[in-house]
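Notes for the one structure printed next.
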Amino acid sequence: MTADDATDERAFREKQQRVYALVGHCILRFQHVEDYLEDVFASVLGGSRPRADAIFASVRGIDRKTEIIRAAATDLSGEPWDQLAPLLRRVKEASDVRGQIAHANPVQNGGLTRIKIKTGNGRVTEVVSVEQVSSSHWELHKKAKQTTIFTEEELLSEYNRTDSLYGDMIKFVASVKSLSV
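The numbering of the sequence shown is this note's numbering, which starts it at 12 and goes up by one.
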């Protein structure tokens with residue numbers, strides 16, 4: 012192995028680790044969102060927290076969890092209640108993307124190289140130049156009805172979107188609690 016090979020291997024592993032870390036961050040941040048749904052439910056239901064926790068603990072799956080929160084919010088309107096439906100839609104969207112990320116396959120894209128050649132008599136006679144057009148990078152590929160590809164930038168964007176959702180959920184619960192003070 013040459014020094015260049017070692018450098019290439021190190022760069023390859025660093026890119027790989029960065030993508031794997033982003034995948035983990037996305038999944039774990041969504042777990043905060045899912046776990047906090049219990050707090051959202053308890054704040055919407057009101058009353059005894061142990062009662063709310065017991066009810067919510069019997070519910071499995073993100074769709075069922077958001078349904079029971081919507082049911083608990085029946086006939087509640089105005090602020091902050093009007094924020095709840097859009098918040099729960101965002102939870103569903105984030106859940107769908109989290110599922111795609113969690114079940115996607117990491118793929119190393121070698122980049123694009125442009126090779127200019129000279130030909131004669133239907134054969135390559137000379138390689139004129141070799142140019143690296145784009146660098147190698149990692150992506151996540153999720154194949155379903157269509158293939159969804161997540162780049163590093165998209166994973167970071169999804170993490171930030173989920174983090175913002177989590178913050179908005181905390182603000183919602185705080186605003187509900189301030190109503191009862």
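C-beta: ideal position from N, C-alpha, C; glycine also.
Span of the beta strand (DSSP E), counted from its first residue to its last, around residue i
i    : result
E150 : 148-154
V70  : Looking at the DSSP string, V70 is not in any beta strand (DSSP E), and its letter there is neither H nor E.
Where the alpha helix (DSSP H) through residue i begins and ends
i    : result
L171 : It is worth fixing the name first, because residue 171 is Asn in this sequence and not Leu. Taken as a continuous stretch (DSSP letters only), the alpha helix (DSSP H) holding N171 covers 163-190.
G110 : 95-113
Check whether residue i and residue j have beta carbons under 7 Å apart
i    : j    : result
I80  : V55  : yes
L195 : T77  : Because the chain here runs from 12 to 192, residue 195 falls outside it and cannot be looked at.
Y10  : V44  : In this structure the chain extends from 12 to 192, so residue 10 is not present and cannot be described.
N120 : H148 : yes
I126 : V141 : yes
F41  : T173 : yes
P91  : V187 : yes
T162 : E150 : yes
V139 : K153 : no
DSSP bridge partner residues for residue i (one or two, in chain order)
i    : result
A140 : Correcting the residue identity first, residue 140 is Ser in this sequence and not Ala. S140 is bridged to K127.
Q119 : W149
R134 : G131
T159 : K153
7 Å Cβ cutoff, residue i in contact with chain D
i   : result
G72 : You won't find chain D in this structure, because it holds only one protein chain.
On the three-pair Cβ rule with 8 Å, is the segment 37-46 touching the segment 94-111?
-> yes
*Inspect the CB distances between the segment 23-35 and the segment 162-173 and report whether three or more fall short of 8 Å.*
yes
At what residue ranges does the segment 12-61 contain a whole run of the alpha helix (DSSP H), taking only runs of 4 or more?
-> 14-56
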